[in-house]
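A.B. asks: My questions will all concern the structure given below.
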Amino acid sequence: MTRAPVNRTRRVPRTVFEHGLIRPLFQVAFSVLEIGLKISGLHARGMRNAADTQLNRFDVSLDGLPPAFDGYTVLHMSDLHADGPVDLEASIARVLDVVEVDLCVLTGDYRYRLTGIWEEAARPMERILKHVRARDGIFGIMGNHDLGTMVEPLENAGMRMLLNDHTVLRRGDDEIVLIGLDDVHAYQSVAVAAAALSAMPQGFRILLQHSPELLDEAEAENVSLFLTGHTHGGQICLPGGRPVMTNIRSPRKYASGLWSHGRMTGYTTTGVGVSVMPLRFNSKGEVAVITLRQGRKP
């Protein structure tokens, strides 16, 4: 069945990076920085870092996890920016080809640019998804770079998009409610997202949201596991992994890795792709494989 067209209206106006007068200044600044990095030899290293996708396996201990889901595996990818300047298809395929999981989730930003054509992202996404082996399927949400017109081709490629929607995962009599909400960084408001979340079925809840900027509302709505991305882990970080920029309206502790917020556990992936510059320093792109375990949170 063909899905009806999805209309998404950007809530947040143009950022300073997109402003018609200011954007050229940033482009000049980034060009100068890029030249300096090339002269120093760091540019080539940054590009190698960006092209080196890592497999990150870890366990997450969760109170209230239904017993039948102890050991359940979730593959989490985000921010592939599949039509970007770094060709990551081979690197991603190398990782995916050695992984078999129960569930695959993607938390948005499938294309590189914020404006213009999107088809160049849909084609590599289709090829990448062919390498995913997930028994309960592939589910995704939209990011701040994505357009509603991308939903149908992504679903045709094998991903079910959760657009303020949910699905129920079952193992025998046990259930997990998997919820996907549209992006709150640039599209729907936090209030609209919170209302949509409140209307979802109760139970053990896993939330997919592009950005960590729904922390308080998700914790108040009894989300047990919050999976997110958007930040690229900073992409360009100081030694020790401290981001120069996070591009979120949330504290830095939520910009990457495993975290807790009240009773809720969350994971912010460093993502797969890059934006603005085709470089990574002190922040590796990753495909995360999370094994759910019963027990207390760390």
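Residue numbers are given in my numbering: position 234 of the sequence shown equals residue 234, and the series is strictly consecutive.
All C-beta atoms, glycine included, are put in the ideal place defined by N, C-alpha and C.
Of the residues G64, Y267 and V28, which one's Cα is nearest the Cα of G295?
C.D. replies: For the residues G64, Y267 and V28, the minimum Cα distance to G295 belongs to G64.
A.B. asks: What number of angstroms, rounded off, separates the C-alpha of L214 from the C-alpha of A194?
C.D. replies: About 8 Å.
A.B. asks: Can you tell me the Cβ-Cβ gap for Y267 and L227, rounded? I've got them flagged as a contact below 8 Å.
C.D. replies: Correct: roughly 6 Å between the Cβ atoms.
A.B. asks: Tell me which residues share the same chain as K297 and place their Cβ nearer than 7 Å to its Cβ, disregarding the 5 neighbours each side in the sequence.
C.D. replies: Unreliable placement is indicated for K297, whose pLDDT of 45 sits below 50; no coordinate value is reported for it.
A.B. asks: For P243, count neighbouring C-beta atoms within 10 Å of its own C-beta (all shown protein chains included) and say buried if the count is 16 or more, exposed if not.
C.D. replies: Answer is buried; the Cβ neighbour count reaches 16.
A.B. asks: Skipping 5 residues on each side, what residues in its chain have a beta carbon closer than 6 Å to that of M1?
C.D. replies: The pLDDT assigned to M1 is 49, lower than 50, so where the model puts this residue is not dependable; a value taken from the coordinates is nonetheless given after this. Nothing meets the Cβ criterion.
A.B. asks: Closest to G262 by CA distance: which of R45, E217, F281 and G140 is it?
C.D. replies: Closest option to G262, Cα to Cα, is E217.
A.B. asks: The ligand ATP heavy atoms versus the CB of V289: any closer than 7 Å?
C.D. replies: No copy of the ligand ATP occurs in the structure displayed, which carries no ligand at all.
A.B. asks: Which partner residues of I290 appear in the DSSP bridge assignment?
C.D. replies: Paired residue(s): F58 and V74.
A.B. asks: D216 lies in the alpha helix (DSSP H); which residues open and close that run?
C.D. replies: Looking at the DSSP string, the run of the alpha helix (DSSP H) that includes D216 is L215 to A220.
A.B. asks: Might you give, ordered along the chain, the residues of its own chain that have their beta carbon closer than 6 Å to the beta carbon of I236, omitting 5 neighbours on each side?
C.D. replies: Counting only Cβ-Cβ distances below 6 Å, and skipping sequence neighbours, we find V244 and F281.
A.B. asks: Just verifying my parser: in three-state terms, what is the DSSP assignment at P124?
C.D. replies: Of the three classes helix, strand and coil, the one that applies to P124 here is helix, per DSSP.
A.B. asks: If we ignore side chains and look at the alpha-carbon of each, how far apart do P124 and L80 end up?
C.D. replies: Straight-line Cα distance between these residues: approximately 10 Å.
A.B. asks: If you draw a straight line from the alpha carbon of H131 to that of V6, how long is it in whole angstroms?
C.D. replies: Going from the Cα of H131 to the Cα of V6 covers about 27 Å.
A.B. asks: Give the C-beta separation of G143 and G108 to the nearest angstrom, bearing in mind that I take them to be a contact with Cβ-Cβ under 8 Å.
C.D. replies: Rounded, the Cβ-Cβ distance is 3 Å, consistent with contact.
A.B. asks: Classify I128 as buried or exposed, calling it buried when 16 or more other Cβ atoms lie within 10 Å of its own Cβ.
C.D. replies: Under this definition I128 is a buried residue.
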